[in-house]
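First to last, the sequence lines map onto chains A and B.
First residue of the first sequence? That's -15 in our numbering, and the numbers climb one at a time after it.
First residue of the second sequence? That's 39 in our numbering, and the numbers climb one at a time after it.
Glycine residues also receive a C-beta, built at the ideal position from the N, C-alpha and C atoms.
Notes to accompany the following structure.
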Amino acid sequence: MTPLGKLFHKLGLFLLHLSLGQQVALFWNAIKSLFSSSRNFKTDTRNIILQTFFTGVEVFPTLFIVASLFGTVVIIEVISMMGKMGLSDIVGSLIVVVIIRELGPVLTAFLIAGRSGSSLTTYIGSMVINSEVDALATMGVDPVRYLVMPGLFGGCIALFFMNIIFSASAICAGFLLTKGIILLTGNIINIQLTWSYLSHEILGAITLTDFVFIVIKPLVFGAIITTNACYQALNIQRDVRQVPKATSKSVIRSFLYIVCADVILSIFYFVDYINNINTLI
Amino acid sequence: MLDEALRLENVSLAYNDLVGNMFSQPKAVSFFMDREEDEQKELMRNVNLQVKRGETICIGGGSGQGKSALLRIIAGLVRPTRGSIYYFGEYIPPERLTALEVAKRQVGLVFQNGALISNLRVRDNIALPLRYHKMGTEADIDEKVKMAMDLMRVRDEANLFPHQLSVGMQKRVAIARSWAMDPKILLMDEPTAGLDNYNRRNLLPLIDNMRKLFKTTIIIVTHDLLMTRELNCDICFLHRKTLTEPHSFDYWLNSNSEISRELFRDFNANRSPNF
């Protein structure tokens, strides 16, 4: 091996020894396995749909309640505070930034990581302990393809729809709840709110970048949650006590990676702002 | 050699490598890991074994000698620390030696606990690898599954989940699942443990049929030494970290080796004319 080759070899091994590097490799393998010779459109679609429902539908009631309450709080806080400060015209931008752009995807991802990420880890982890994963491999069934791939795609699809539902219910149900509070308390909080005003402000503030990120963020977060959950599960070394450890690790690491990814993705917004400043000047 | 099914050459395994290939890690990670050089930390050393096509061979030995680990090595679940393995005369280099690669050579493994997929019914458990590898149409697969279930007499339990079955029955389903794949080499880990006498007696002709009709090479890890005699096959022992030469049951019974004294003592003590 040439010195340069040795250097690359060492660098590659160093990256692959990191848990993050192994997760990227697992993600890549899962994507690659979609095109393997054993692909079967019917079974794959069924598995992915099952996984989507498993990830998405069962978390829906909690998600809906969290979203509407959270939306109410944000709408009341933003409108009353901005009204006091005389900045009523940036209400829409603030709501878009807080709900649609940042906290919507992140909170949805947290809920799904806590519910589906953890259950995916326990499910696959138990299979590892019972040597079911080994049995799959000895039958020539690739565990990455059979277990990780449907989870990955199902998680991404579910997170995408759940994110839209979260943002929509935060704004719509949040509006209704705020109206209800105004009605019940006799407008003690003293805010003027109509649907036409709110929708006009939000639609005016939303940009094309937001639409792009509504798609990209959930997909990235979904990939992070499911890859991490499957990785932690497959990494268990045949000891039953490792399953709860792996589960908590899966959830906590998912939170960490989601926030990191959120920051990295937000840099694109900053780039957007800087470009805007240039045009203004 | 054309009629060779499996050959192990100087296979050694360290305790550290026992955990096997992790599916979470890329293959390169375990391949470039530092190898254990200390012989004290090795579970087995310089194991040599040669099995012909259609031959049945038993591997015996005390508990904890690494019999199951040897099967896991052959199935590709554990990469040996040193040594090489040939399947049907073909050498698989260590960087490619994974369970999936070995399974392509039609090597099946029946686990000690059955290892059935717990959320699938018995019928789907048997059909899973067939469907995955697209071995025929749905009707063909159904036919094959029914045949396998009839063979192991688990047809009545076709719609039950594995947790509703007893251990022995789970094992029979696992054997049916392996059989349905038409393996050329079948590895069995303690096939008779947990079976009652009736089912044990029924299992043995089945193994016999498989090697006679389908020319399947069968490697059985077992504590049940009498099985060797009933199947009329050779047995070798994992003893003092290495594998002995295969010999018949009677050879071991009459020899004066340490293994015979340890493991065949009861047979010799109870020896009767019709035994």
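Can you list, in chain order, the stretches of the alpha helix (DSSP H) that have 4 or more residues and sit fully within the region 40 to 68 of chain A? Runs of the alpha helix (DSSP H) lying entirely within the region 40 to 68 of chain A and spanning at least 4 residues: none are present.
For residue 220(A), does the three-state DSSP call read helix, strand or coil? Here residue 220(A) corresponds to residue number 236 of the first sequence, with the count starting at 1. Residue state, collapsed to three classes: coil.
Residue 192(B) in three-state terms, based on DSSP: For the purposes of this step, residue 192(B) is taken as the residue at position 154 of the second sequence. In the three-state scheme derived from DSSP, where H, G and I count as helix and E and B as strand, residue 192(B) is classed as coil.
For residue 88(B), which of 81(B), 242(B) and 96(B) has the nearest alpha-carbon? Sequence index remark: in the second sequence, residue 88(B) carries index 50 (1-based). Residue 88(B) has its Cα closest to that of 96(B), out of 81(B), 242(B) and 96(B).
Under a Cβ-count criterion, where at least 16 other Cβ atoms within 10 Å of its own Cβ denotes burial, should residue 248(A) be classed as buried or exposed? On the first sequence, position 264 is the one that residue 248(A) refers to. Residue 248(A) counts as exposed, since fewer than 16 other beta carbons sit within 10 angstroms of its beta carbon.
Near-chain A residues of the region 116 to 149 of chain B - C-beta to any C-beta below 8 Å: Across the region 116 to 149 of chain B, CB contacts with chain A closer than 8 Å involve 136, 137, 138, 140, 141, 142, 145, 146, 147 and 149, in sequence order along the chain.
Report back the beta-carbon spacing between residue 95(A) and residue 54(A) to the nearest angstrom; my notes put them in contact at under 8 Å. In the first sequence, counting from the first residue as 1, residue 95(A) sits at position 111. In the first sequence, counting from the first residue as 1, residue 54(A) sits at position 70. For a cut-off of 8 Å, the C-beta gap from residue 95(A) to residue 54(A) is around 11 Å, too long to register as a contact.
Taking residue 206(A) as the reference, give the member of 19(A), 181(A), 133(A) and 84(A) with the closest Cα. For the purposes of this step, residue 206(A) is taken as the residue at position 222 of the first sequence. Distances from the CA of residue 206(A) to each of 19(A), 181(A), 133(A) and 84(A) were compared; the closest alpha carbon is that of 133(A).
Quick check on the DSSP output: what are the complete alpha helix (DSSP H) runs of length 4 or more inside the region 70 to 136 of chain B, in order along the chain? Complete alpha helix (DSSP H) runs here, min 4: 105 to 113.
Distance cut-off 6 Å: residue 121(A) Cβ against heavy atoms of the ligand COA: In the structure on display, the ligand COA does not appear, and there are no ligands present to speak of.
Along the chain, where does the alpha helix (DSSP H) that runs through residue 238(B) open and close? Looking up residue 238(B) in the second sequence gives position 200. Run containing residue 238(B): 235 to 251, per the alpha helix (DSSP H) assignment.
Within 10 angstroms of its Cβ, does residue 94(B) collect 16 or more other Cβ (buried), or is it exposed? Locating residue 94(B) in the second sequence gives position 56, counting from the first residue. Classification for residue 94(B): buried.
So is residue 84(A) buried or exposed if we call it buried at 16+ other beta carbons inside 10 Å? Here residue 84(A) corresponds to residue number 100 of the first sequence, with the count starting at 1. Buried: at least 16 other Cβ atoms inside 10 Å.
Using the Cβ count rule (16 or more neighbours within 10 Å means buried), how would you classify residue 182(A)? For the purposes of this step, residue 182(A) is identified with residue 198 of the first sequence, where counting begins at 1. Of the other Cβ atoms in all chains shown, 16 or more fall within 10 Å of the Cβ of residue 182(A); this residue is therefore buried.
Residue burial classification, residue 222(B) (beta-carbon count within 10 angstroms, cutoff 16): Reading the second sequence from its first residue, position 184 is the one you call residue 222(B). Burial of residue 222(B) is indicated by the presence of at least 16 other C-beta atoms within 10 angstroms of its C-beta.
Does residue 129(B) pass the burial test, meaning 16 or more other C-beta atoms within 10 Å, or should it be called exposed? Start at 1 with the first residue of the second sequence, and residue 129(B) comes out as number 91. Under a 10 Å Cβ-count criterion, residue 129(B) is classified as exposed, with fewer than 16 other Cβ atoms of the shown protein chains found around its own Cβ.
What is the DSSP secondary structure of residue 266(A), reduced to helix, strand or coil? Since the first and last residues shown for chain A are -15 and 265, residue 266(A) lies out of range.
Beta-carbon neighbours of residue 207(A), restricted to chain B and to distances below 8 Å: For this step, residue 207(A) is matched to residue 223 along the first sequence. Residues of chain B passing the Cβ test: none, with the nearest at roughly 16 Å.
Are the C-beta of residue 28(A) and some C-beta of chain B separated by less than 7 Å? Position 44 of the first sequence holds residue 28(A). So, not an interface residue.
Would a check of beta-carbon distances place residue 200(B) closer than 7 Å to chain A? On the second sequence, residue 200(B) is found 162 positions in, with the first residue counted as 1. Cβ-Cβ to chain A under 7 Å: no for residue 200(B).
Return the CA-CA distance between residue 108(A) and residue 39(A), expressed in angstroms with no decimal places. For the purposes of this step, residue 108(A) is identified with residue 124 of the first sequence, where counting begins at 1. For the purposes of this step, residue 39(A) is identified with residue 55 of the first sequence, where counting begins at 1. CA-to-CA, the gap between residue 108(A) and residue 39(A) works out to about 15 Å.
Can you name, in chain order, every residue of its own chain whose Cβ lies under 7 Å from the Cβ of residue 322(B), other than the five neighbours on each side? There is no way to answer for residue 322(B), as the model of chain B reaches only from 39 to 313.
Local conformation of residue 48(B) per DSSP, three classes: Locating residue 48(B) in the second sequence gives position 10, counting from the first residue. Residue 48(B) falls in the strand class under three-state DSSP.
So what's residue 268(B) in DSSP terms, helix, strand or just coil? Here residue 268(B) refers to the residue found at position 230 when the second sequence is read from its first residue. Under the three-state reduction of DSSP output, residue 268(B) falls in the helix class.
To the nearest angstrom, how far is it from the Cα of residue 202(B) to the Cα of residue 159(A)? In the second sequence, the residue the question calls residue 202(B) occupies position 164. In the first sequence, the residue the question calls residue 159(A) occupies position 175. Cα to Cα, the separation comes out at about 51 Å.
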